[in-house]
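To start, the structure under review is shown below, and the notes come after it.
Protein chains: 2
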Amino acid sequence: MSTVNKVLNTVTPKEVRIVDEFWTKYNDLVRQVVIPYQYDALHDRIADAEPSYAIQNFEIAAGRKEGQFNGFVFQDTDVAKWIEAVGYSLMTHPDAELERLTDQVIDLVAEAQGEDGYLNTYFTIKEPDKRWTNLADCHELYTAGHMIEAGVAYYQATGKKKLLDVVCRLADYIDTVFGTGEGQLRGYDGHQEIELALVKLYRLTGEQRYLQLSQFFIDERGQQPNFLEQEWEQRDRINFFVGKTNDINLQYSQAHVPVREQKEAVGHAVRAVYMYTAMADLAGLTGDTSLYQACQTLWNNMVHKQMYVTGGIGSTHHGEAFTIDYDLPNDSGYSETCAAVGIVFFAHRMLQIEAKGEYADVLERALYNTVIGGMAQDGKHYFYVNPLEVWPSACHHNPGKHHVKPVRQKWFGCSCCPPNIARLVSSLGQYIYSTNQDTIYTHLYIGGEAELTVGEQSVVIQQESGYPWNGATSFSFQLEQPQSFTLALRLPGWCKKASLTINGESIEYQSLVQDGYIYIQREWSVDDRVEWNMKMHVQVIHSHPRLRAASGKIALQHGPLVYCLEQADNGELISALSIDPAQSLTTRFDAELLGGAVVIEGTATRELTSDWDDHLYQDSPPTIQEQPFTAIPYFLWANRGEGDMAVWIRKN
Amino acid sequence: MSTVNKVLNTVTPKEVRIVDEFWTKYNDLVRQVVIPYQYDALHDRIADAEPSYAIQNFEIAAGRKEGQFNGFVFQDTDVAKWIEAVGYSLMTHPDAELERLTDQVIDLVAEAQGEDGYLNTYFTIKEPDKRWTNLADCHELYTAGHMIEAGVAYYQATGKKKLLDVVCRLADYIDTVFGTGEGQLRGYDGHQEIELALVKLYRLTGEQRYLQLSQFFIDERGQQPNFLEQEWEQRDRINFFVGKTNDINLQYSQAHVPVREQKEAVGHAVRAVYMYTAMADLAGLTGDTSLYQACQTLWNNMVHKQMYVTGGIGSTHHGEAFTIDYDLPNDSGYSETCAAVGIVFFAHRMLQIEAKGEYADVLERALYNTVIGGMAQDGKHYFYVNPLEVWPSACHHNPGKHHVKPVRQKWFGCSCCPPNIARLVSSLGQYIYSTNQDTIYTHLYIGGEAELTVGEQSVVIQQESGYPWNGATSFSFQLEQPQSFTLALRLPGWCKKASLTINGESIEYQSLVQDGYIYIQREWSVDDRVEWNMKMHVQVIHSHPRLRAASGKIALQHGPLVYCLEQADNGELISALSIDPAQSLTTRFDAELLGGAVVIEGTATRELTSDWDDHLYQDSPPTIQEQPFTAIPYFLWANRGEGDMAVWIRKN
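Here the protein sequences come in this chain order: A and B. Numbered per our numbering, the first sequence spans residues 1 to 652. Numbered per our numbering, the second sequence spans residues 1001 to 1652.
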């Protein structure tokens, strides 16, 4: 176990302007399509989609309208995440009209805030006397946390303090309600989120109370007597969603034991990773080694025992939760988009404590596969659940798979995922680099320009990259005068062969590698050009023999991308196909495929149904026939209508 | 499609005395253990088991006790099925003490009957004014049907009329309530059962009204306007179990269209097969070709598209139901024991219309694998759900598998399955033979003696059989004088090689085969001895390429028995094993294994976890190692503690 001995500086999205063949398209999509679309969705203006009611709730709470609260108890968060995404977008792409619309929304939010700082439309409209009586189920602090994140991002983007003031008042009020003092609640939320939000608010404002309040929530969690259990008893064991219950599942909220004693990722996956994120934040900020070690233990369990090859987590829709080690069903799991977003958060925080290749590898895996796979190429359709195998008819007719949708949906009643993708993509800049006293770390290969601070120096770094389609990447710098610092290039876990040149001169990088990063120390000048070429090849991925759902199967990966076979390319019934892993698999850039993508091609063997008679079982094998196959990146699946899809393919 | 052109005579269990190496043990178990155990269970005397309350409910309804109704709305049926099982048992094994106890139970049942003939403890105790207001959910006619079956069986066994009179009064009363007349309900039960029971009552009493009432229920089902839907609207859309509902699932009760228009097996699997059984009964009795053709259509869909290799049906625990063609998940399906019992009923009724090998093959498959697999070798533990693959930890910790129990349970709150096994095993004699004017059909190879009527003749047939461990079977006859008739021996679908001798003289049976039966016409005498030796071999079973859950896998079968691999023999993690189907597999009778059983042995390849590092995924395959494997009959699984089990094994 490592201790907290060096902590990197986090880069804000404002410092990084992405100009990248791959990501500029996503950024544009989020800015031009997703944010306006979600604005309409929040205002219930999308035909045929489930209504959101989120803005309407604020209008009622603000007294502008009469009416009832509608939607989930945490419906406010969709507005908060949208404002946060807008904030990130405005940081790099100012847009006066969008800012005007957002200011109007913020005015509305501010009007909905109580005199005392309280802000939550559900309780304000519907149960004003029930504040803080059901933290387990009602997401009050979770909802507050999202608004705090929005306030921070919008201030960073625009310098406008209105929403920041709102959330500071909210945080100040919460700080009076919770604590160990007389009359205070010694509790925490059922759904973690405020903990990481308060860290952001602390970083921005420097106000120690916010950091301490975050630490309080983390430290109290799971202590005895158990707050959530006591609260539940006081409510006569009434659960907000299902009524009277016989027991309370504390693991579901990671409140079964104190966080430092938790050894395995359990319960609701999004709650878990949001909590781990805050734990890593706090460990980095305070140097709390026991907290970092808890993060490492939980990381190792999650990543090495409970994570899909696509970087998704959550094996069951029951409680949107982890189950047990090695239980990763392909066709009935959960792998919620929000949980993959949360993995990006957690991995990023861990990277700030230690620059370890594995943290970045997992960040990249979640980002390039599940997170962006959660959104359609049109920016208007989303997955909440990200299966690794789909048989559409079974999704429609087997109730055990009702949560698995074979095509992305317009909007959800519980629509946490779409704005979560939007805010991640629009803030992607912050995940590319970190710095410390003497080093620039490159975690992701994404083109653009960043203004970074290395020690006392300012460095503008420019990156170009063929990622994720190829690994040809180059760096140059804008420097007033030659400067001495270390450039730490991430060596991705998937990369077995690469070449590094500086100004055309080949560098033996192998001896410079430490824990997944190549450290190049020199005096850099404005003419220097680093060419870092990671050779991408098709990797045949095997799974741990305990991963039963993938036994006897292989997955294909190329660079950071996990691939899948879809019906559109390979015919129906992907399960009848098998692949010889020893064959030579080829890649090709298909410019026609969904905006252009590298596909993997080879030969598969298909079990034929054509000459099988009308029985289910027989004592001779089916006839087999060879056919070419095409695998496409997983994140692109289900953009061509409904059909079979599988990541794990039988090997022969 | 065949028409109804010949109908065989059903044999009653009373006509057949089983003396058989394999089945005598089961019969003894049911008689000596299961029936007494279930008597105690119905009286709530089993420690640590869920209470039944079934007898107590009758005591309250009879006015002998004060108290509340407890248990399911159909709890009475457990008593009925127990009496029925006792009836069958007494037919061949008179037992004065058991008969005395049963007479007491029958006295109690009779006391609980209303003046008008109504008999149902739930409605009598709890909602006397709500009779016949919720046929969809409340199983009133289903409950009546089970008591009718009990009355028939107990009368046939003992000649005692008390319960028969009770159920005739009950049926007479029902006949006044339901019908097309003024003030009558033009309806039917949500859960079919009374239809087949009324046929039994008709066969015993000759009372045409019972046959007509059965036909009425079958004919009305699914007609427009839909009775269940109208009733639901009249109840303000209240469902008995879940309260107010937005819609009613008519497919669940096979009431979506008239039965003759149903093309696919849908909905609750037990309801379906009970209904199909009655349809076949009626088709055979009335010569209704359209009804028989509907049976054939539904049979073909169920058997050729929706049946597990173990003879189980029901792919989801949601509604204990069929899903869609080829959707047969191994580790999360349902395959309820009662549904397999129902398959035996349905197949048996189809066999009486046409002696087709497939009907008997399916009967045998369900009986020898799922039905007897539903009961532990101690007779005191039962499966409700019969999975084809079990990973115990996932059953305990993945809520999507909460219904799959890795070991048999003592009793269930909803305990339909244990008494269903008991009544089937104790009435097994009736499934072995059928006769018609000139032929004795042997459907099952089970030793013992039967007194049969062939045309006008009486024939005592004696069978000895090594089934299911080997196919050595012999027949002889007790005849006053030589008699001319046809002996039709079933040629099982699994049997590829056999020999037939009569009095030592070899017979070329191939030319005598018709639709799965070998027809041997001759004048038989008391000295004749037929030796019919079906050569059992290990069959490697492949599945239809559309059966995704078994793709790339094989199952092993020996004679009628499907095999499985268990952790007890093969180590943990069966999914890491694969088998070369081309190898020579051997069989051995292991006298020590659970009372003795033929095991299948061979060599498997295991993916090792020992040298795999702490990651889930890597780009090189796991190390493999050969190990011997042992497969045991599926019906014997989970008799040696909790562990991994799988029927479908990966092939390499």
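For each residue, glycine too, the CB sits at the ideal point set by N, CA and C.
{"Asked": "Once DSSP output is grouped into helix, strand and coil, what is the label at I35 (chain A)?", "Found": "helix"}
{"Asked": "Please return the same chain residues whose Cβ sits closer than 6 Å to the Cβ of G312 (chain A), not counting the five positions on each side in sequence.", "Found": "S335, A340, T370, N386"}
{"Asked": "Can you tell me the Cα-Cα spacing of Y1276 (chain B) and F22 (chain A), whole angstroms?", "Found": "59 Å"}
{"Asked": "Using 8 Å as the Cβ pair cut-off and three pairs as the minimum, do the stretch 446 to 464 of chain A and the stretch 473 to 491 of chain A touch?", "Found": "yes"}
{"Asked": "With distances taken Cα to Cα, identify the nearest neighbour of H397 (chain A) among B:L1328, B:C1417, B:S1584.", "Found": "B:L1328"}
{"Asked": "Return the chain-ordered list of same chain residues with a C-beta closer than 7 Å to the C-beta of R1260 (chain B), the five sequence neighbours on each side being excluded.", "Found": "S1290, L1291, A1294"}
{"Asked": "By how many angstroms is the C-alpha of K1305 (chain B) removed from the C-alpha of N1652 (chain B)?", "Found": "26 Å"}
{"Asked": "For G1243 (chain B), list the residues DSSP reports as bridge partners.", "Found": "B:N1239"}
{"Asked": "At a CB-CB cut-off below 8 Å, which residues of chain A make contact with L1101 (chain B)?", "Found": "Ordered by position in chain A, no residue passes the 8 Å Cβ test against L1101 (chain B), which lies about 37 Å from the chain."}
{"Asked": "Under a Cβ-count criterion, where at least 16 other Cβ atoms within 10 Å of its own Cβ denotes burial, should F1216 (chain B) be classed as buried or exposed?", "Found": "buried"}
{"Asked": "List, in chain order, every chain A residue whose beta-carbon is nearer than 9 Å to that of P1691 (chain B).", "Found": "Examination of residue 1691 (chain B) is not possible in this model, given that chain B is present from 1001 through 1652 alone."}
{"Asked": "Mind pulling the chain A residues with CB within less than 8 Å of K1263 (chain B)?", "Found": "Under the 8 Å cutoff, chain A gives no residues; its nearest Cβ is about 15 Å from K1263 (chain B)."}
{"Asked": "Please name the residue in A:T605, A:G559, A:H537, A:L616 whose C-alpha comes closest to that of L585 (chain A).", "Found": "A:H537"}
{"Asked": "At a CB-CB cut-off below 7 Å, which residues of chain B make contact with T316 (chain A)?", "Found": "N1398, P1399, G1400"}
{"Asked": "Can you give me the start and stop residues for the beta strand (DSSP E) that T337 (chain A) sits inside?", "Found": "Counting along the chain, T337 (chain A) falls outside any beta strand (DSSP E), though it belongs to the alpha helix (DSSP H) covering 337 to 353."}
{"Asked": "Does T245 (chain A) come within less than 9 Å of chain B when only Cβ atoms are used?", "Found": "no"}
{"Asked": "For R650 (chain A), which residues in chain B fall below 8 Å Cβ to Cβ?", "Found": "S1551, G1552"}
{"Asked": "Find the residues of chain A that neighbour V1540 (chain B), judging by a C-beta separation of less than 9 Å, and give them in chain order.", "Found": "D619, S620, P621"}
{"Asked": "Does the stretch 365 to 383 of chain A come close enough to the stretch 1534 to 1551 of chain B to have 3 or more Cβ pairs within less than 8 Å?", "Found": "no"}
{"Asked": "A265 (chain A) and M302 (chain A) - do their beta-carbons sit closer together than 9 Å?", "Found": "yes"}
{"Asked": "With 9 Å set as the bound, which would you pick, yes or no: does the beta-carbon of Y326 (chain A) sit closer than that to a beta-carbon of chain B?", "Found": "yes"}
{"Asked": "Which whole runs of the alpha helix (DSSP H) in the stretch 1479 to 1552 of chain B are 4 residues long or more, in chain order?", "Found": "none"}
{"Asked": "Does G1466 (chain B) pass the burial test, meaning 16 or more other C-beta atoms within 10 Å, or should it be called exposed?", "Found": "buried"}
{"Asked": "May I ask you to list the residues that DSSP assigns as paired with R588 (chain A)?", "Found": "A:V599"}
{"Asked": "Ignore the nearest five residues each way along the sequence and tell me which others in Q627 (chain A)'s own chain have a CB closer than 6 Å to its CB.", "Found": "A604, R606"}
{"Asked": "Shortest alpha-carbon distance to Q1113 (chain B) belongs to which of B:Y1154, B:E1059, B:K1356?", "Found": "B:E1059"}
{"Asked": "Looking at D569 (chain A): is its Cβ nearer than 9 Å to the Cβ of F629 (chain A)?", "Found": "yes"}
{"Asked": "Using a Cβ-based criterion (distance less than 8 Å to any ligand heavy atom), does L228 (chain A) qualify as near the ligand NAP?", "Found": "The ligand NAP is not part of the structure shown, which contains no ligands of any sort."}
{"Asked": "Going by DSSP, which residues form a beta bridge with P1628 (chain B)?", "Found": "B:T1603"}
{"Asked": "Can you tell me which of A:D175, A:A376, A:F72, A:S427 puts its alpha carbon nearest to the alpha carbon of L198 (chain A)?", "Found": "A:D175"}
{"Asked": "What separation, rounded to the nearest whole angstrom, lies between the Cα atoms of F69 (chain A) and L163 (chain A)?", "Found": "22 Å"}
{"Asked": "Can you tell me whether V11 (chain A) is helix, strand or coil according to DSSP?", "Found": "coil"}
{"Asked": "Give me the Cβ distance between W391 (chain A) and P1545 (chain B), rounded to the nearest whole Å; I'm assuming they're in contact under 8 Å.", "Found": "The Cβ separation is near 13 Å, so there is no contact."}
{"Asked": "Between B:I1106, B:L1285, B:L1444, which lies nearest to Q1208 (chain B) when the distance is taken from Cα to Cα?", "Found": "B:L1285"}
{"Asked": "Show which residues of chain A have a CB atom less than 7 Å away from the CB atom of W1391 (chain B).", "Found": "R548"}
{"Asked": "Beta-carbon separation of Y431 (chain A) and L444 (chain A) under 9 Å?", "Found": "yes"}
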